[in-house]
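Below is one structure, written out as structure tokens; the observations come after it.
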Amino acid sequence: MHIPDGYLSPSTCATLYVGAVAGWYSALRRLKRALFTRVIPLISVFAAFSFVVMMFNLPLPGGTTGHALGVTIAAIVLGPSGAILAISIAVAIQALFFGDGGISTLGANCFNMAIVGSLVAYGTYRLMAMDAGIRSKRRVVAAAVAGYLAINAAALLAAIEFGIQPALFHDAGGTPLYAPYPLSIAVPAMMIGHLTFAGLAEAVIAAGLVAYLQVADPALLLNTSGVSLESGTAGTPTGSVRRLWVAVAVLMLLTPLGILAAGTAWGEWSPATLAQSTPVQSSDPSPVVPAGLVRLSSLWTAPFPAYAPGFVHSRGFGYLLSAMFGVGVLLGLSLATRRLITNRRKGLET
Amino acid sequence: MSRNLLQSTMIGFGRRLTRTMLSEKIAREHGLLQSLDPRVRVVGLLALVLAVTLSRKISVVAALLAIAIVLALSSKVSPVTLAKRVWLIALGFTGVIALPALFVTPGRAIASLGSLSITEQGLRTATLLVLRVETAVTLTTLLMLCTPWAQVLKALRVLHLPKEAVTMLAMSYRYIFLLVETAGQMFESRISRTVGGLPRAEQRRMTTRTAGVLLSKSVALGNDVYLAMESRGFRGDIQVLSDFRMRSLDYVVLLLFLVAAAAAVWMGR
Numbered sequence: 001m002h003i004p005d006g007y008l009s010p011s012t013c014a015t016l017y018v019g020a021v022a023g024w025y026s027a028l029r030r031l032k033r034a035l036f037t038r039v040i041p042l043i044s045v046f047a048a049f050s051f052v053v054m055m056f057n058l059p060l061p062g063g064t065t066g067h068a069l070g071v072t073i074a075a076i077v078l079g080p081s082g083a084i085l086a087i088s089i090a091v092a093i094q095a096l097f098f099g100d101g102g103i104s105t106l107g108a109n110c111f112n113m114a115i116v117g118s119l120v121a122y123g124t125y126r127l128m129a130m131d132a133g134i135r136s137k138r139r140v141v142a143a144a145v146a147g148y149l150a151i152n153a154a155a156l157l158a159a160i161e162f163g164i165q166p167a168l169f170h171d172a173g174g175t176p177l178y179a180p181y182p183l184s185i186a187v188p189a190m191m192i193g194h195l196t197f198a199g200l201a202e203a204v205i206a207a208g209l210v211a212y213l214q215v216a217d218p219a220l221l222l223n224t225s226g227v228s229l230e231s232g233t234a235g236t237p238t239g240s241v242r243r244l245w246v247a248v249a250v251l252m253l254l255t256p257l258g259i260l261a262a263g264t265a266w267g268e269w270s271p272a273t274l275a276q277s278t279p280v281q282s283s284d285p286s287p288v289v290p291a292g293l294v295r296l297s298s299l300w301t302a303p304f305p306a307y308a309p310g311f312v313h314s315r316g317f318g319y320l321l322s323a324m325f326g327v328g329v330l331l332g333l334s335l336a337t338r339r340l341i342t343n344r345r346k347g348l349e350t
Numbered sequence: 351m352s353r354n355l356l357q358s359t360m361i362g363f364g365r366r367l368t369r370t371m372l373s374e375k376i377a378r379e380h381g382l383l384q385s386l387d388p389r390v391r392v393v394g395l396l397a398l399v400l401a402v403t404l405s406r407k408i409s410v411v412a413a414l415l416a417i418a419i420v421l422a423l424s425s426k427v428s429p430v431t432l433a434k435r436v437w438l439i440a441l442g443f444t445g446v447i448a449l450p451a452l453f454v455t456p457g458r459a460i461a462s463l464g465s466l467s468i469t470e471q472g473l474r475t476a477t478l479l480v481l482r483v484e485t486a487v488t489l490t491t492l493l494m495l496c497t498p499w500a501q502v503l504k505a506l507r508v509l510h511l512p513k514e515a516v517t518m519l520a521m522s523y524r525y526i527f528l529l530v531e532t533a534g535q536m537f538e539s540r541i542s543r544t545v546g547g548l549p550r551a552e553q554r555r556m557t558t559r560t561a562g563v564l565l566s567k568s569v570a571l572g573n574d575v576y577l578a579m580e581s582r583g584f585r586g587d588i589q590v591l592s593d594f595r596m597r598s599l600d601y602v603v604l605l606l607f608l609v610a611a612a613a614a615v616w617m618g619r
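What follows is the structure, given as structure tokens:
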């Protein structure tokens, strides 16, 4: 996956350098807002750790061996910004000192492995682990899936970068000037190895390291977990609760989009809609509405039938009002339940 | 863990360390590149790497490879070192990738091997790819062989690399050797306690546990280093000393590098 010099055209290299510089700049800015002085040695040592981990031969099923990149564990322990810088440094040292990857392609390699790899690993891990406890098995599975997806996302990007070269950069005689294989060859050739061995190696090492840290040093997993060590529940809930409120508000505002949907949801017909529909048996021209349905449909009359309160003329506003009412009822029930449980606990304690 | 796997990992660590030690040894020789200001080496050789990437003609890339070989010889870097460290490895890696291009690249058939035809376009693209990779890697390796790492980092400041990035690169490089040594000792202790082989699943667990211990040690080390830096007055403001001085020879050679790179780009269009 370390692209050497000469495989990518100068314009591809320049474009990916721009992408990488944007990633580095953003990561540096984010870290400077945090405790940057403390982070500098940590990122440096982590870059060295990633470099060394890449040299570990890992036995894989099928009798072969592979090596991990270390991007997933970096994203889990340091967060995406720290991982972007740590892996970029490891990739730069590999290119400069050991000839793994080129100088002109350093931007591409950092973009693929450090930036996209870190973001995919971090996003997948957070999405899958959610608010699971620090010692939860779900975190181990999340790390494995994050590692597998991160490596394959980076490999897919590299394959696409290789694959677009012959179409875009060739001489008058049709000779490809850089990587010679089109996407139809580059993508499968690159992905077969990564979907099988390389992705597996990263998954195994990421899951193994998270499992090890859960036992030996769980505090290292706290940075990106969003949960506290003791309770295993949300440690700093303010940020996530705020995000949840924003998401709920946006969804409520989007509810009038439901009006755009044509027709009626299958199986949700009222007796009147059903009567208008095509008869079940073509030989019988009269509409058939089952008697039981007619009887039970009038059992409860909703205050806002079809999300359209009678006193509101605008259908869109009716949808929005219904959404607000629904959310309000759910919130009221939730708060009432919480108060009930709290009062009962207090009663038991006293 | 099987001894073979442990030993191959140990050998890998050893090779990397040996390469770097060799690099420092060549950097202390009295050759052409070693006598130049490190900034001239960094800018000049990187300009040639850029020219290699931009050149579209085999003859021009071959001429740049010839320049790289002359530079190596005048800097006391033996062709044997380059062949073992660069040319054979790059040829093996790129050759495998370039070989099928001989047959699958559409174009005029110039030879046939059984049912397969080698096309003119395929031959040209494979040659260009291999030659380009060999030349670029030779130039990069020359820079690193003839320049101590600390000087490379300082010289990178010429390219306006942020001070924070330079500091982190320098620290990482230093700690790589410490962690390689630590990992090597862990593997060595494991070899000395292992009789016979272990199932592959156990080997995997062993490797991840070793990586886990190394990770804990790395983070502890990072915290210790931070405390050491803080106790010495580090407040996040990084100062990089620069004691480089450009002489007239440096200016002349820099000009030659840039002219050669520009000529290669112009002729290789």
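Going down the list, the sequences are from chains C and U.
Numbering follows my numbering, with no gaps: position 231 of the first sequence is 231.
Convert by adding 350 to the 1-based position in the second sequence; the result is the number in my numbering.
In this text, a Cβ means the ideal position worked out from N, Cα and C, and glycines have one as well.
At least one CB of chain C lies nearer than 8 Å to the CB of U/ILE526. The three-state reading of DSSP puts U/HIS380 in coil, since its state is none of H, G, I, E or B.
The beta carbon of U/THR485 is closer than 7 Å to those of VAL402, VAL411, LEU414, LEU415, ALA418 in its chain, skipping five residues each way along the sequence. Neighbourhood of U/PRO456 in chain C, by CB distance below 8 Å: GLY174, in chain order. In the structure shown, U/LEU466 adopts extended strand secondary structure according to DSSP, grouped into three states. Residues of the region 513-542 of chain U whose Cβ lies closer than 7 Å to any Cβ of chain C, in chain order: GLU514, THR517, MET518, LEU519, MET521, SER522, TYR523, TYR525, ILE526, LEU529, VAL530, ALA533.
Here U/PRO388 carries a helix assignment [DSSP, helix/strand/coil].
Excluding residues up to 5 positions away in sequence, GLY102 lie with their Cβ nearer than 6 Å to the Cβ of C/PRO4 in the same chain. Neighbourhood of C/GLY99 in chain U, by CB distance below 9 Å: ARG435, VAL436, ILE439, ALA440, VAL487, THR490, THR491, MET494, in chain order. C/PRO309 has a beta carbon lying at 8 Å or more from every beta carbon in chain U. In the DSSP assignment, C/PRO10 falls within the alpha helix (DSSP H) that extends over 10-33.
The residue among U/GLY583, U/GLN553, U/PHE594, U/LYS407 with its C-alpha nearest the C-alpha of C/ARG38 is U/GLY583. Here DSSP, grouped into helix, strand and coil, assigns U/PRO549 to coil. In the three-state scheme derived from DSSP, where H, G and I count as helix and E and B as strand, C/HIS170 is classed as strand.
Identification of chain C residues near U/LEU421 by a Cβ-Cβ cut-off of 8 Å yields none; the smallest Cβ-Cβ distance measures about 16 Å.
When secondary structure is reduced to three states using DSSP, C/PRO256 falls in the helix class. Taking a beta-carbon distance threshold of 8 Å, C/GLY193 does not count as an interface residue toward chain U. Counting only residues of its own chain and dropping the five nearest sequence neighbours on each side, C/LEU221 has a CB closer than 8 Å to the CB of ILE76, VAL77, ILE134, ARG139, VAL210, LEU213, GLN214. The distance from the Cβ of U/VAL516 to that of U/LEU509 is about 10 Å, inconsistent with a contact at the 8 Å cut-off.
U/ALA459 is bridged by DSSP to U/THR469.
Nearest to C/ALA150 by C-alpha distance, out of C/VAL116, C/MET190, C/SER81, is C/VAL116.
The criterion of a C-beta distance shorter than 8 Å is satisfied by U/LEU383 and U/LEU421. Per DSSP, reduced to three states, the secondary structure at C/PRO218 is helical. Beta-carbon to beta-carbon, U/TYR525 and C/SER184 are separated by about 43 Å, too far to satisfy the 8 Å threshold. For U/ASP593, there is no enclosing alpha helix (DSSP H), as DSSP marks it with neither H nor E. For C/GLY6, the residues of chain U that pass the 9 Å Cβ criterion are VAL402, THR403, VAL411, THR444, LEU478, LEU479, VAL480, LEU481, ARG482, VAL483, GLU484, THR485, ALA486, VAL487, in the order they occur in the chain.
The beta carbons of U/GLU514 and C/ILE40 sit about 7 Å from each other, so the pair counts as a contact at 8 Å. Residue contact with chain U for C/ILE40: present (Cβ-Cβ distance below 8 Å to some residue of chain U). Close to U/ALA377, with beta-carbon spacing below 7 Å, lies no residue of chain C; the smallest spacing is near 12 Å.
Within chain U, the residues placing a beta-carbon under 7 Å from that of C/TYR212 are THR558, ARG559, GLY562, ordered along the chain. For U/PHE527, the enclosing alpha helix (DSSP H) has its first and last residue at 513-543. Not a single C-beta of chain C is nearer than 8 Å to the C-beta of U/THR544. With respect to chain U, the C-beta atom of C/VAL187 has no partner C-beta closer than 8 Å. Looking from the CA of C/GLY163, the closest CA among C/ALA146, C/ALA153, C/PRO188, C/VAL141 belongs to C/PRO188.
Taking C-beta atoms under 8 Å as the contact rule, U/THR488 and U/VAL545 fail to qualify, at a distance of about 46 Å. Taking C-alpha positions only, C/ALA20 is separated from C/THR175 by approximately 30 Å.
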